């Protein structure tokens, strides 16, 4: 329910700040410029915490990590021209993984376009059309409040995603008419269509070995308890996508890890008589069946944009209210146990883990899980360690395993870990990155030090683009073509007055994590170790 609380006129910058207050936006990520200074002046007195980054891409990835872990929208303020251009990759990632971002673009004055004004790029928002939910442009003063509201609602409802809203800097100091709403008892969201459950009942009739694949939309919608209840009571095996990891605790008897893993996941999928994919688009990066033929597929998601693209589907259910579909499934499976023996599947899963027990990638992954606090947030770049972790790093709660699977940018984890720690300051945070992915983000060690953000950064250094080097060696017979010349990461961290140590063995890494890390201050660990074979090669 909404009611009007302020009407009349106020400066544009005041209207923006009031909007932030109404939406309970407490943190903003920003690289300032001459166009944003009036807003900076207002924010300085607003009580809103502004984190000044060293590159707009890093700021936006901070906002992404913040949004994933907090469950709230991430807000980035950028300048025109190159400032806006630098958030392209983060918008791609947020769009692909359904992360709500508000990109507030303080633009140049459109009335002066064509004269070569500072940072002038005409219609720069059009760059973002393919990978944002909306691009909005304020052209009249009175459009500012309603378009801010539209941007927020668009970013945070149905399948979440990034929205770019452009505001001419001249409006910041201009009186504009306002009629700002106050949230009284929660925002009224658009009505969602009610699905017909009869098709679901028919599709599941006679099915005795169902399996559920849970994706990020379930996690984002807060449906963990419903899924846990459904699978637990009906003895239904649960697999998750990488983005859905942590949907429920992986130590539960019906949870069998990542659907992409080559062992138990393939075994379950090959024996299931129906696969229920929920809250996932089933992109190629979400699920690879690796030759397994799915007998019957029911695809349930917030929209139908990806249904049937990669896998033949027997039933499609597009419903923004996934909770209601889970309730229907619970009724269908009420007093009805599957024919799976979860105990036998767990024995099979344990055998898979036993086969990997001497593999360095598995050893490192289990080491990390054993020495970091159970409730810690972990943020992962696309490194050979993270590929092992996707399969074999057990997670006990949602949004504690953060990795970029929307568009899979290489240089995500360092800034995203900063944002994640800001979102959840009471929880330790480990960032696992690599020598080939960390450098674009390490400028933000300045931000970490300035704001005392206690992220522990583990830099896996194999002096190469490791996974690419492995591919080149296996496929082309070429070795060393992806080698890198790296800085001394310990000295680099120390140059920012951040504590750092180098380790070169797994035992040394274990000792440092157990004895040197307090989780109360920033720390960099350089882990010099050879290229690991990926889990799918073992």
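Numbering (the working numbering), first residue to last: 826 to 1363. We put the beta carbon where it would ideally sit given N, CA and C, even for glycine. Computed from a predicted model, the values in this text were never measured in an experiment.
- Runs of the alpha helix (DSSP H) lying entirely within the region 1327–1359 and spanning at least 4 residues, in chain order: 1331–1340.
- DSSP places residue 1139 in the coil class of the three-state scheme, outside both helix and strand.
- Using a C-beta cut-off of 8 angstroms, the region 1083–1095 makes contact with the region 1171–1185, since at least three inter-stretch Cβ pairs fall below that distance.
- In terms of CA proximity to residue 1105, 985 leads the group 1161, 1196, 985, 999.
- Secondary structure at residue 932: strand, using DSSP grouped into helix, strand and coil.
- A Cβ-Cβ contact shorter than 8 angstroms links residue 1218 with residue 1194.
- Within the region 1258–1313, the runs of alpha helix (DSSP H) at least 4 residues long that lie entirely inside it are, in chain order, 1264–1267, 1270–1276, 1291–1296.
- With a beta-carbon spacing of about 19 angstroms, residue 1094 and residue 1073 fall beyond the 8 angstroms limit used to define contacts.
- In this structure, the straight-line span from the alpha carbon of residue 1209 to that of residue 838 is close to 45 angstroms.
- In this structure residue 1175 is exposed. Its beta-carbon is surrounded by fewer than 16 other beta-carbon atoms within 10 angstroms.
- Residue nearest to residue 836 within the set 1026, 1326, 1287, 1004 is 1004 (criterion: CA-CA distance).
- Counting only the Cα atoms, residue 1288 lies some 7 angstroms from residue 1260.
- Comparing alpha carbon positions, the residue from 1178, 926, 992 closest to residue 904 is 992.
- The beta carbon of residue 1346 sits closer than 8 angstroms to those of 1277, 1279, 1324, all from its chain and outside the five residues before and after it, given in chain order.
- As the crow flies, the alpha-carbon of residue 994 is around 6 angstroms from that of residue 932.
- Annotation: residue 961 is outside any alpha helix (DSSP H); the continuous beta strand (DSSP E) that includes it extends over 959–962.
- The region 966–977 makes no contact with the region 906–916; the number of CB pairs closer than 8 angstroms stays below 3.
- In this structure residue 1186 is in contact with residue 1360, their Cβ atoms being roughly 6 angstroms apart against a cut-off of 8 angstroms.
- Distance between residue 1357 and residue 1285, taken at the CA atoms: about 10 angstroms.
- In the structure shown, the three-state DSSP call for residue 1208 is coil.
- Taking 3 residues as the minimum length, the beta strand (DSSP E) runs contained wholly in the region 1043–1088 are 1063–1065, 1080–1083, in order along the chain.
- A direct Cα-to-Cα measurement between residue 1111 and residue 1068 gives close to 8 angstroms.
- Sequence-distant partners of residue 1321 (beyond 5 residues in either direction) whose C-beta falls short of 7 angstroms from its own C-beta, in its chain, are 1270, 1271, 1274.
- Scanning 834, 1303, 941 for the CA closest to the CA of residue 1000 turns up 834.
- With a 10 Å radius around the Cβ and a threshold of 16 neighbouring Cβ atoms, residue 859 comes out exposed.
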